[in-house]
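Novice:
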Amino acid sequence: MCGIIGIVGNKSVADRLVDALEKLEYRGYDSAGIATVSQGELDRVRACGKLVNLKQKLKETSLSGHCGIGHTRWATHGVPSEVNAHPHSTQRVAIVHNGIIENHETLRQKLMAKHHHFESLTDSEVIAHLLDDYLQQGDSPEDAVRKARKELVGAFAIACIFHGHDDLMIVAREGASPLAVGLGQEENYVGSDALALSPFTDQLFYLEEGDMAILSSGSVELWDSEDKKITRSTFQSQVSVEAISKEGFTSFMEKEIHHQPQVVEATLASRLDDNGQIKPSGVDWNAIDRVTFAACGTAFYAGMVAKYWFEKIARLPFEIDIASEFRYRMPPLSANGLCVIVSQSGETADTLAALEYAKSQDQTILSIVNVPESSIERVSDITLQTLAGPEIGVASTKAFTTQLAMLATLAIEAALARQVITSSQALTYIEELRQVPSLMHLAMGKDHVIRTLSKKLATMSDTLFLGRDINYPMALEGALKLKEISYIHAEAYAAGEMKHGPIALLEDGYPVIVIAPKDSIVEKTASNVQEALARGAWVIAFTDAPHIFSGCDYIEMPESTLLQSPFVSAVLIQFLAYHTAQEKGTDVDQPRNLAKSVTVE
Ligand code: F6R
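Residues in the sequence shown are numbered consecutively from 203, following the numbering used here.
(1) Do Ser-688 and Thr-599 come within 8 Å of each other at the CB atom, strictly closer than that value?
(2) Whole-angstrom Cβ separation of Leu-764 and Lys-514, contact assumed at under 8 Å?
(3) For Ala-740, name the three-state secondary structure that DSSP assigns.
(4) Terminal residues of the continuous beta strand (DSSP E) containing Arg-246?
(5) Could you check which residue in Ser-427, Val-544, Arg-229, Ala-747 has the C-alpha nearest to that of Pro-760?
(6) At which residues does the beta strand (DSSP E) containing Leu-406 begin and terminate?
(7) Consult DSSP for Glu-521 and reduce its assignment to one of helix, strand or coil.
(8) Looking only at C-alpha atoms, which of Leu-668, Glu-344, Val-295, Lys-349 sits nearest to Glu-327?
(9) Under 8 Å by Cβ, that's how I've got Ala-590 and Trp-511 pegged, so tell me the actual separation to the nearest angstrom.
(10) If Lys-259 sits next to Ala-249, beta carbons under 8 Å apart, how far is it from one beta carbon to the other, in whole angstroms?
(11) Measuring straight from C-alpha to C-alpha, what distance separates Ala-736 and Gly-272?
(12) When the Cα atoms are used, what is the spatial distance from Lys-225 to Ala-398?
(13) Quick one: does the C-beta of Thr-801 sit closer than 7 Å to a heavy atom of ligand 1?
(14) Report all residues from its chain with a CB closer than 7 Å to the CB of Glu-353; omit the five preceding and five following residues, and keep chain order.
(15) Extract the residue ranges of the alpha helix (DSSP H) inside the region 501-580, only unbroken runs of 4 or more that lie entirely within it.
(16) For Tyr-530, count the other beta carbons within 10 Å of its own beta carbon; 16 or more makes it buried, fewer makes it exposed. Which is it?
(17) Does any heavy atom of ligand 1 sit closer than 7 Å to the C-beta of Gln-462?
(18) If I measure Cβ to Cβ from Ile-490 and keep anything under 6 Å in the same chain, skipping five residues before and after, which residues do I get?
(19) Output needed for Ala-694: all residues of its chain with C-beta closer than 6 Å, excluding positions within five of it in sequence on either side, in chain order.
(20) Just to confirm my understanding: we take Cys-754, look at its own chain, exclude 5 residues before and 5 after, and list those with CB closer than 6 Å. What are they?
(21) Just the C-alpha distance for Glu-456 and Tyr-780, rounded to the nearest angstrom, thanks.
(22) Just mark Asp-791 as buried or exposed, buried being the case when its beta carbon has 16 or more other beta carbons within 10 Å.
(23) DSSP on Phe-667, reduced to helix/strand/coil?
(24) From what residue to what residue does the beta strand (DSSP E) around Gly-205 run?
(25) When we look at the beta-carbon of Lys-804 and count the other beta-carbons within 10 Å, is it buried (16 or more) or exposed?
(26) By how many angstroms is the C-alpha of Tyr-674 removed from the C-alpha of Ala-696?
(27) Between the region 367-384 and the region 406-414, do at least 3 Cβ pairs fall closer than 8 Å?
(28) So what's Asp-649 in DSSP terms, helix, strand or just coil?
(29) Can you tell me whether Ile-757 is helix, strand or coil according to DSSP?
(30) With a threshold of 7 Å, establish whether the CB of Gln-311 neighbours any heavy atom of ligand 1.
(31) Closest to Glu-803 by C-alpha separation, out of Met-646, Ile-524, Tyr-631, would be which residue?
(32) Sorted by chain position, which residues of the same chain lie with C-beta nearer than 8 Å to Ile-480's C-beta, five sequence neighbours on each side aside?
(33) Is the beta carbon of Gln-637 sitting closer than 8 Å to the one on Gln-462?
(34) Quick check on Ile-302: does DSSP put it in helix, strand or coil?
(35) For the putative contact between Asp-368 and Val-239, defined by C-beta atoms under 8 Å, what is the C-beta separation to the nearest angstrom?
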């Protein structure tokens, strides 16, 4: 979640650390800081709030030095504040940390008994004091890190610089906290992801579980979890810094909503061969009797949509669970089954743990990830990469619809392989998918109508989203989008469930948003809407059958099929959340308390 950057080289690092932190701000943005070592002296500047505050402080206090570390924080232990911001330091060492130290309290007590004075409430500060303790006892920085890491329980990625060492940085990784080492010319780097390193170098390797590396301007030395000196092969990162621009849009989220037709088209194209047939994914669909799916948040809702596609089109049972539940539920899985894992970042700790559990049960792992070279990709048997490009807005938009595109092609592939559909039916489905980008464009034409409705929605404090069948997960996704960026409380129910409880909420003017494209059960949804209207609710219907939603405000959707409608409704719910948040003046790209890459449990 937190972002880490480190540079050890032959020219000043402070400004470049801050530039790199800008690319990592999506990982957390409640405080930020940098530390450098210059002529043996450690120095640091930290600020609460977004990076702009740190930049302001650095105008008053500049930091010199050719070796430094930086951090952007997503608070776990201790409120967002300057004292809780990283780097944490003592006289002898400064560190940045991503992850959670589970035994921090025990270590803190032990170190306090030895007269270490703590200033913050973070778990991370114990790392600095633990290192300091070993350094005080005369250990070298290298030995201090080696010994300290053995005492730390939890998941962590750390980067440390040391008093008296202008050309030394030590980094280590344990658990689900990625750390990439970048190799440059007379300069070396460390970063939470390839994006942060992209302005400096494209030659990278990732630290594996338990690795420790010692960096200087001229060398990188590496040890594995058994303390064996090793080398890891580097690869050329394809991540490009150019993709990180708003391109004239007011926010990344707005840009990312508008880019969906093109990235969905690119993702679909990546799955089709020259004859327009779906390329084999590598799964033997006849060898399995069910699919197991795990993911978090919006990626989970993509799986929930896919459940309807797999079960209706391929007649293949598709069991879904939230990754944080799946990992501890320990479900029995049939031998040699298929587990589908979806993640934009490819780093989500719970999703990675769900994957590991499925692997331990001899499942083949097919992952769908957006960020290339991610941890999930590295441990999967088969990976399909969505071509959404970097998604910077914290709320998932284009990653979601490209995940849907991948999952739709897999459902068609499975159906054909299992002979549930004929080749000509498969081609009809593929043709429906080819029309999706134009349908999304049509949905975008409803932007102005949605904007008008959003003015009123922005004055509300609670909302209820409804949908049946494949529109139920879309209702869940609509509620998630609205709450995360506008902070309006939103709940979602299967429309048929409303009368079993949530109807009690309804009163005059209560906003109900219903996703109801014309399908075989749209009339059932319309009846539920009548029940809501009868209790005075203000109903907004997303539908292509407005005549059966009389009494509602409606957004007319273009006509769409079972495969197409989730893409269309995705655009509409995203605009609804986006404009409502704009109306309220919240920060859509960096909503409060959230972070883009969730590497803690
Ligand atoms: C919501 C959102 C989150 C993510 C979730 C999983 O808009 O973005 O719910 O979908 O944190 O993240 P990934 O896909 O990176 O595993």
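No residue lacks a Cβ here, since even glycine has one placed at the ideal position from N, Cα and C. For clarity, every value in this text was computed on a predicted model and none was experimentally measured.
Specialist: Quick answer:
(1) One-based indexing of the sequence shown puts residue 599 at position 397. One-based indexing of the sequence shown puts residue 688 at position 486. No; because the gap between Cβ atoms is not below 8 Å, this pair is not in contact.
(2) Here residue 764 is taken as the residue at index 562 of the sequence shown, counted from 1. Here residue 514 is taken as the residue at index 312 of the sequence shown, counted from 1. Beta-carbon to beta-carbon, Leu-764 and Lys-514 are separated by about 7 Å, close enough to satisfy the 8 Å threshold.
(3) Counted from its first residue, the sequence shown places residue 740 at position 538. Sequence inspection shows Trp at residue 740; the Ala mentioned does not correspond to that position. Correct three-state label for Trp-740: strand.
(4) Mapped onto the sequence shown, residue 246 falls at position 44. Taken as a continuous stretch (DSSP letters only), the beta strand (DSSP E) holding Arg-246 covers 243-250.
(5) Residue numbering aside, residue 760 sits at position 558 when the sequence shown is read from its first letter. Closest option to Pro-760, Cα to Cα, is Ala-747.
(6) Your numbering for residue 406 matches position 204 in the sequence shown. Boundaries of the beta strand (DSSP E) harbouring Leu-406: 405-408, taken from the DSSP string.
(7) Indexing the sequence shown from 1 puts residue 521 at position 319. Secondary structure of Glu-521 (DSSP, three-state): strand.
(8) Here residue 327 refers to the residue found at position 125 when the sequence shown is read from its first residue. The residue with the shortest Cα to Cα distance from Glu-327 is Val-295.
(9) Here the question's residue 590 lines up with position 388 in the sequence shown. Here the question's residue 511 lines up with position 309 in the sequence shown. Cβ-Cβ separation between Ala-590 and Trp-511: approximately 19 Å, too far for a contact (criterion under 8 Å).
(10) Indexing the sequence shown from 1 puts residue 259 at position 57. Indexing the sequence shown from 1 puts residue 249 at position 47. About 5 Å separates the two Cβ atoms, so the contact holds.
(11) Start at 1 with the first residue of the sequence shown, and residue 736 comes out as number 534. Start at 1 with the first residue of the sequence shown, and residue 272 comes out as number 70. Approximately 57 Å between the Cα atoms of the pair.
(12) Residue mapping note: residue 225 aligns to position 23 of the sequence shown, counting from 1. Residue mapping note: residue 398 aligns to position 196 of the sequence shown, counting from 1. Pairing Lys-225 with Ala-398, the inter-Cα distance amounts to about 5 Å.
(13) Position 599 of the sequence shown holds residue 801. In this structure, Thr-801 has its beta carbon at no less than 7 Å from each heavy atom of ligand 1.
(14) Walking along the sequence shown from the start, residue 353 turns up at place 151. Within the same chain, Leu-309, Leu-332 come within 7 Å of Glu-353 by CB-CB distance, once the 5 residues on both sides are set aside.
(15) Runs of the alpha helix (DSSP H) inside the region 501-580: 525-531, 551-562.
(16) Stepping through the sequence shown from its first residue, residue 530 is reached at position 328. The residue is exposed, with fewer than 16 neighbouring Cβ atoms inside 10 Å.
(17) Residue numbering aside, residue 462 sits at position 260 when the sequence shown is read from its first letter. No, Cβ of Gln-462 sits at least 7 Å from all heavy atoms of ligand 1.
(18) Taking the sequence shown and counting its residues from 1, the one referred to as residue 490 is at position 288. By the criterion of a C-beta distance shorter than 6 Å, Ile-490 is surrounded in its chain by Gly-539, Leu-540, once the five residues flanking it on both sides are discounted.
(19) Counted from its first residue, the sequence shown places residue 694 at position 492. Closer than 6 Å at the Cβ level, and outside the excluded window around Ala-694, lie Phe-667, Ala-677, Leu-678, Ala-681.
(20) Indexing the sequence shown from 1 puts residue 754 at position 552. The beta carbon of Cys-754 sits closer than 6 Å to the beta carbons of Val-741, Ala-743 from its chain, once the five residues preceding and following it are set aside; these are given in chain order.
(21) Working through the sequence shown from its first residue, we reach residue 456 at position 254. Working through the sequence shown from its first residue, we reach residue 780 at position 578. Between the alpha carbons of Glu-456 and Tyr-780 lies a gap of roughly 8 Å.
(22) In the sequence shown, the residue the question calls residue 791 occupies position 589. Buried is the call here.
(23) Walking along the sequence shown from the start, residue 667 turns up at place 465. In this structure, Phe-667 counts as strand in the three-state DSSP scheme.
(24) For the purposes of this step, residue 205 is taken as the residue at position 3 of the sequence shown. DSSP places Gly-205 inside the beta strand (DSSP E), whose first and last residues are 205-210.
(25) The first residue shown for the chain is 203 and the last is 803, placing residue 804 beyond what the model contains.
(26) Position 494 of the sequence shown, counted from the start, is the residue given in the question as residue 696. Position 472 of the sequence shown, counted from the start, is the residue given in the question as residue 674. Rounded to the nearest whole angstrom, the CA to CA distance from Ala-696 to Tyr-674 is 5 Å.
(27) Contact between the region 367-384 and the region 406-414 is present, because at least three Cβ pairs lie under 8 Å.
(28) Within the sequence shown, residue 649 is the residue found at index 447, counting from 1. If DSSP states are grouped into helix, strand and coil, Asp-649 belongs with the helices.
(29) By 1-based counting over the sequence shown, the position of residue 757 is 555. DSSP places Ile-757 in strand when its eight states are reduced to three.
(30) Residue mapping note: residue 311 aligns to position 109 of the sequence shown, counting from 1. Answer for Gln-311: no, Cβ out of range of ligand 1.
(31) In the sequence shown, residue 803 corresponds to position 601, counting from 1. Minimum Cα distance to Glu-803 is reached at Ile-524.
(32) Position 278 of the sequence shown, counted from the first residue, corresponds to residue 480. So the qualifying residues of the chain are Arg-473, Leu-474, Thr-611, Ile-614, Glu-615, Leu-618, Ala-628, Ile-632.
(33) Along the sequence shown, read from residue 1 onward, the residue named residue 637 stands at position 435. Along the sequence shown, read from residue 1 onward, the residue named residue 462 stands at position 260. Contact: no.
(34) If you number the sequence shown from 1, residue 302 lands on position 100. The answer is strand: DSSP assigns Ile-302 an E or B state.
(35) Translated into the one-based positions of the sequence shown, residue 368 becomes position 166. Translated into the one-based positions of the sequence shown, residue 239 becomes position 37. The Cβ separation is near 6 Å, so the contact holds.
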